[in-house]
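Numbering (mature numbering (1 follows the signal peptide of the UniProt record, and there is no 0)), first residue to last: -25 to -1, 1 to 123.
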C-alpha cells in the first residue's frame, strides 16, 4: 500500500513540476533518447514532458498567436528523436494525457506554426502503444511494475 502511495505521489509531482516549469518559463533539460522501433510509453512520457513550453499555445481558450520561444525547438527535437510519441497526444484522450483541455486544431497546427516537418498523422494508426494515461493508471494500480 505504501508503494502505491509513493507512485501516486511521484506521478503527481511530475505533473506539478511540469506545470510549474510552464508558469516560470524555465527551459526543460534536453533528453538524449534515440529513435526506436516501438513507442515505449515511459520514454514518451519523458519526451512529452519536454513539450511543456507548448502547452500555453495548444490549451483550449489560448489567445496566443504563436507559441513561446522554447516550444518550437522542443517540438523539433521530439520529431527528430521520437516522432511516434506524438501519437500519444492525438485523439480524444489528449486531455487525459496532459491533464488539461487541449485545442486539437491548435495542436495539429503547431508543426506548421513552428515550421517543423512531421510524419503523417495516419502513421499513428500503425503504431501499437499504450496511451500514457493508461500507463500511469496501471503504474498507480500495480507499483510492482517499477521493479521489472
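C-beta: ideal position from N, C-alpha, C; glycine also.
Which term fits residue i, buried or exposed, when burial requires 16 or more other beta carbons within 10 angstroms of its beta carbon?
i	result
residue 39	exposed
residue 13	For residue 13, the predicted structure reports a pLDDT of 42, less than 50, and the residue's modelled location is therefore unreliable. The matter cannot be settled from this model.
Might you give, ordered along the chain, the residues of its own chain that have their beta carbon closer than 7 Å to the beta carbon of residue i, omitting 5 neighbours on each side?
i	result
residue 29	42, 46, 49, 50 and 85
residue 19	57, 60, 63 and 107
residue 26	49, 50 and 53
residue 95	none
residue 9	With a pLDDT of 39 at residue 9, under the threshold of 50, the predicted position of this residue should be treated as unreliable, and no value is reported.
So residue i packs on residue j, CB below 8 Å; how close in whole Å?
i	j	result
residue 89	residue 62	Wrong, their Cβ atoms sit about 18 Å apart, outside the cutoff.
Leaving out the 5 sequence neighbours to the left and right, which residues in its chain are closer than 6 Å to residue i when beta-carbon positions are compared?
i	result
residue 54	91 and 93
residue 75	34
residue 81	33
residue 97	none
Given residue i, which residues of its chain have a CB within under 8 Å of its CB, disregarding the five upstream and five downstream residues?
i	result
residue -4	Legend: pLDDT at residue -4 = 40, less than 50; position of this residue unreliable, no value from coordinates given.
residue 37	31, 78 and 81
Continuous alpha helix (DSSP H) assignments of at least 4 residues falling wholly in the segment 20 to 54
Segments of the alpha helix (DSSP H) lying fully in the segment 20 to 54: 30 to 33.
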